[in-house]
Amino acid sequence: MSEVLASVREYAPDVIYLASDGPREWIKGEDLKVLELRNYVESAIDWDCEVKTLFQKKNLGCKKSVHEAVQWFFSQEEKGVVLEDDIVPSLNFFKFCEEMLEFYKYDRSVASIGGRNELGEFDPENGFLFSSKFFCWGWASWADRVIGLDLDVSSNQIIKKQVLKPLNWAERCLVEGMYGLIESKQVNSWAYQYDINFRANNQLQILPERNMIKNVGLSIIGAHSSGASDDFVDVFEGFLPKPNKEAEVLKNQQFIDAYLKKRYGSIFRLYFFSKVKYLKSLKILLKKLR
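Quick note on the working numbering: the sequence shown kicks off at 32 and runs consecutively.
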């Protein structure tokens, strides 16, 4: 958390919104830890700015608590940046968001601006690209793209068919896997629901050519981490792409394909991910047969 605060302090926004989920009642002592963290964060904001808070009394879980925080924020601001407590951006990330938010504010084909490039580097023409996948590790958007998003859009089968239809085989496997994780209740994710909303609205995310975000929560102690020990994607501190009026708002399929190749390694792993819902059912059946 200290690294995130240090990064935000360097940028020194005029207004900062703090949201925190409530403690889990079944974990002894977590209420005190949550209170301690809230007090620490508030006391660490030592520059001249307005602070607004949304501190939940009860635990809502990752999906609902983040969604409510995002909706609360954008109900009061026309545009802004969203950071979770383990996301450390470069200073230029904020400047990147500022310029892109202004440049694309009337272009509703753009849903958000992200700072995370999972490939580290990818070389499009303009210093940035457009992604059909929503990357939630450090992002910015506008109220008119975010307010009212359906947190259970994945249950709409008509939208599901609409979302899957235009995708190539690899990206279809990715999205089918997302649906499978949701439907089999293996994840409680707000980000997957936002991704599906944006796809259904034919909206893309702007991503930088070079990575601007570090995740310091990728460890066994992270609240919602994958269990990885570190973030091995470098951050390019001095990098700052500029808006380009010649840039066509069009999905960069090469980037998506390269990301999937890096993320899953082989078409077999990607295919198995698309069937994750059935794999869980198979595990349950095998346990019952023992």
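By construction, the Cβ of each residue, glycine as well, lies at the ideal position given by its N, Cα and C atoms.
As the structure is a computational prediction, the values presented were derived from the model and not from experiment.
For Q322 versus V97, is the C-beta distance shorter than 9 Å?
Residue 322 lies beyond the stretch modelled for the chain, which goes from 32 to 321, so this question has no answer here.
Please classify K192 as buried or exposed, where buried requires at least 16 other C-beta atoms within 10 Å of its C-beta.
Counted from its first residue, the sequence shown places residue 192 at position 161. Looking at its Cβ environment, which holds fewer than 16 other Cβ atoms inside 10 Å, K192 is exposed.
Beta-carbon proximity list for L36, same chain, < 8 Å, skipping 5 on both sides:
Sequence index remark: in the sequence shown, residue 36 carries index 5 (1-based). Cβ neighbours of L36 beyond the five flanking positions: V72, A75, I76.
Once you ignore the five residues that flank A174 on each side, which residues in its own chain have a CB closer than 6 Å to its CB?
Counted from its first residue, the sequence shown places residue 174 at position 143. Cβ neighbours of A174 beyond the five flanking positions: F105, E109.
Taking DSSP's pairing of strands, which residues face N246 in a bridge?
Within the sequence shown, the letter at position 215 stands for residue 246. According to DSSP, which records beta bridges pairwise, N246 is partnered with I118.
In chain order, each alpha helix (DSSP H) run of at least 4 residues that lies wholly inside the stretch 127–183:
174–177
Terminal residues of the beta strand (DSSP E) in which S51 lies
What you label residue 51 is simply residue 20 of the sequence shown in a count that begins at 1. Unbroken beta strand (DSSP E) run through S51: 46–51.
Can you tell me whether S186 is buried or exposed, with buried defined as 16 or more other CB within 10 angstroms of its CB?
Here residue 186 corresponds to residue number 155 of the sequence shown, with the count starting at 1. With fewer than 16 other Cβ atoms within 10 Å, it is exposed.
Kindly indicate which residue of V46, D288, S38, N233 has the alpha-carbon position closest to the one of R329.
This structure gives no information on residue 329, because the portion of the chain shown stretches from 32 to 321.
Residue span of the alpha helix (DSSP H) that contains L281, given as start and end
Reading the sequence shown from its first residue, position 250 is the one you call residue 281. No alpha helix (DSSP H) holds L281; DSSP gives it neither H nor E.
Contacts around R40, its chain only, beta-carbon distance under 7 Å, and the 5 residues preceding and following it disregarded:
Counting from 1 along the sequence shown, the entry for residue 40 is found at position 9. W78.
Three-state class that DSSP yields for G208 in the structure shown
Numbered from 1 along the sequence shown, position 177 holds the residue referred to as residue 208. Residue state, collapsed to three classes: helix.
DSSP on K110, reduced to helix/strand/coil?
Walking along the sequence shown from the start, residue 110 turns up at place 79. In the structure shown, K110 sits in a strand (DSSP, three-state: E or B).
Is it buried or exposed, V46, if we count other Cβ atoms within 10 angstroms and call 16 or more buried?
Taking the first residue of the sequence shown as 1, we reach residue 46 at position 15. Classification of V46: exposed, given that the 10 Å Cβ count is below 16.
Enumerate in chain order the residues of its own chain whose CB-to-CB distance from E34 is below 6 Å, with the five nearest sequence positions on each side excluded.
Position 3 of the sequence shown holds residue 34. Same-chain partners within the cutoff: V119, V247.
Please say whether G145 and P239 have beta carbons closer to each other than 9 Å?
Within the sequence shown, residue 239 is the residue found at index 208, counting from 1. Within the sequence shown, residue 145 is the residue found at index 114, counting from 1. The answer is yes: Cβ separation under 9 Å.
Where does W57 land, buried or exposed, given buried means 16+ other C-beta within 10 angstroms?
Residue numbering aside, residue 57 sits at position 26 when the sequence shown is read from its first letter. So W57 counts as exposed.
Rounded to a whole number of angstroms, what is the C-alpha to C-alpha distance between Q285 and C167?
Residue numbering aside, residue 285 sits at position 254 when the sequence shown is read from its first letter. Residue numbering aside, residue 167 sits at position 136 when the sequence shown is read from its first letter. Rounded to whole angstroms, Q285 to C167 spans 20 Å at the Cα level.
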